[in-house]
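Chemist:
In our numbering, the protein residues as written are 231 to 407.
1. So what does residue 361 bridge to, in DSSP terms?
2. In terms of DSSP beta bridges, what is residue 250 paired with?
3. In this structure, does DSSP put residue 335 in helix, strand or coil?
4. Report back the beta-carbon spacing between residue 359 and residue 333 to the nearest angstrom; my notes put them in contact at under 8 Å.
5. Compare the Cα-Cα distances from residue 179 to each of 300, 314 and 347 and report the closest residue.
6. Got a sec, what are the start and stop residues for the beta strand (DSSP E) residue 296 sits in?
7. Distance, Cα to Cα, residue 272 vs residue 250?
8. Please name the residue, chosen from 351, 345, 400 and 347, that lies closest to residue 363 on a Cα-to-Cα basis.
9. Among 268, 282 and 244, whose alpha-carbon lies nearest the alpha-carbon of residue 255?
10. Residue 319: which of 380, 295, 383 and 402 sits nearest, CA to CA?
11. Which residues does DSSP pair with residue 323 in a beta bridge?
12. Please tell me whether residue 323 and residue 357 are closer than 9 Å, where the distance is taken between their beta carbons.
13. Does the pairing of the stretch 306-315 with the stretch 367-377 give three or more beta-carbon distances under 8 Å?
14. Which same chain residues end up closer than 7 Å to residue 236 when comparing Cβ atoms and leaving out the 5 residues on each side of it in sequence?
15. Could you give the residue range of the alpha helix (DSSP H) that holds residue 349?
16. What residues in its chain sit with their C-beta under 8 Å from that of residue 385, if we drop five residues either side in the sequence?
17. Since residue 403 is in the alpha helix (DSSP H), which residue starts that stretch and which ends it?
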């Protein structure tokens with residue numbers, strides 16, 4: 231019910247609504263719900279869950295965003311092959327991501343965006359950037375390097391408990407970005 235309230239609010243404000251799904255049952259819940267998502271996101275920790283990916287490939291008819299943090303080149307190729315089998319490559323958005331919260335700016339591999347673009351931009355929908363770093367300069371750089379989407383977490387207070395809050399933007403930072 232909370233998701234539905236957020237979805238309705240976003241619709242009123244002309245904001246696209248999406249969720250990250252962490253396993254196949256949640257994916258099925260959203261595929262079959264009255265919430266009409268614009269896209270779904272698969273977090274890095276789940277991008278090798280082929281039961282989840284199969285549900286999305288078969289039943290979710292919109293864009294599928296997949297984060298590639300902690301993912302080897304072989305695993306990325308396996309994801310590509312999987313979605314090719316279902317003829318869904320043109321619905322696939324791949325995110326370059328450093329899975330660290332908050333990530334040290336020295337560990338953000340921005341040139342990974344260019345590698346992904348060179349290798350996959352002709353076969354997938356888009357290449358994107360998912361940031362878990364402090365500040366906004368790396369997001370601007372990612373856009374300059376050609377990221378079609380930039381994902382940032384946001385919070386009301388970065389000092390709140392939990393790993394995501396420290397790596398998130400507060401409203402003022404999100405507004406600047």
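Think of the CB as a built atom: it goes at the ideal place given N, C-alpha and C, for glycine as much as any other residue.
Remember, it's a predicted structure, so these values are computed and weren't measured experimentally.
Modeler: Let's see:
1. Taking the first residue of the chain shown as position 1, residue 361 is located at position 131. For residue 361, which the question treats as bridged, DSSP gives the partners 382.
2. Numbered from 1 along the chain shown, position 20 holds the residue referred to as residue 250. For residue 250, which the question treats as bridged, DSSP gives the partners 271.
3. Looking up residue 335 in the chain shown gives position 105. Residue 335: helix per DSSP, three-state reduction.
4. What you label residue 359 is simply residue 129 of the chain shown in a count that begins at 1. What you label residue 333 is simply residue 103 of the chain shown in a count that begins at 1. Not really, about 12 Å apart at Cβ, beyond 8 Å.
5. Residue 179 lies beyond the stretch modelled for the chain, which goes from 231 to 407, so this question has no answer here.
6. Indexing the chain shown from 1 puts residue 296 at position 66. Residue 296 -> beta strand (DSSP E) spans 293-297.
7. Taking the chain shown and counting its residues from 1, the one referred to as residue 272 is at position 42. Taking the chain shown and counting its residues from 1, the one referred to as residue 250 is at position 20. Approximately 6 Å, taken between the alpha carbons.
8. The count along the chain shown starts at 1 and reaches residue 363 at position 133. Selected option, being the one with the closest Cα: 400.
9. Working through the chain shown from its first residue, we reach residue 255 at position 25. Of the candidates 268, 282 and 244, the residue whose Cα lies closest to the Cα of residue 255 is 282.
10. Stepping through the chain shown from its first residue, residue 319 is reached at position 89. Considering only alpha carbons, the answer is 295.
11. Start at 1 with the first residue of the chain shown, and residue 323 comes out as number 93. Residue 323 pairs with 295 and 356.
12. Here residue 323 corresponds to residue number 93 of the chain shown, with the count starting at 1. Here residue 357 corresponds to residue number 127 of the chain shown, with the count starting at 1. At a Cβ-Cβ threshold of 9 Å, residue 323 and residue 357 count as neighbours.
13. no
14. Reading the chain shown from its first residue, position 6 is the one you call residue 236. Answer for residue 236: 247, listed in chain order.
15. To locate residue 349, count along the chain shown from 1; it is residue 119. It spans 341-350 - the alpha helix (DSSP H) in which residue 349 sits, taken as one unbroken run.
16. Taking the chain shown and counting its residues from 1, the one referred to as residue 385 is at position 155. 394, 395, 398, 399 and 400, listed in sequence order.
17. In the chain shown, the residue the question calls residue 403 occupies position 173. Per DSSP, residue 403 is one residue of the alpha helix (DSSP H) stretching across 401-406.
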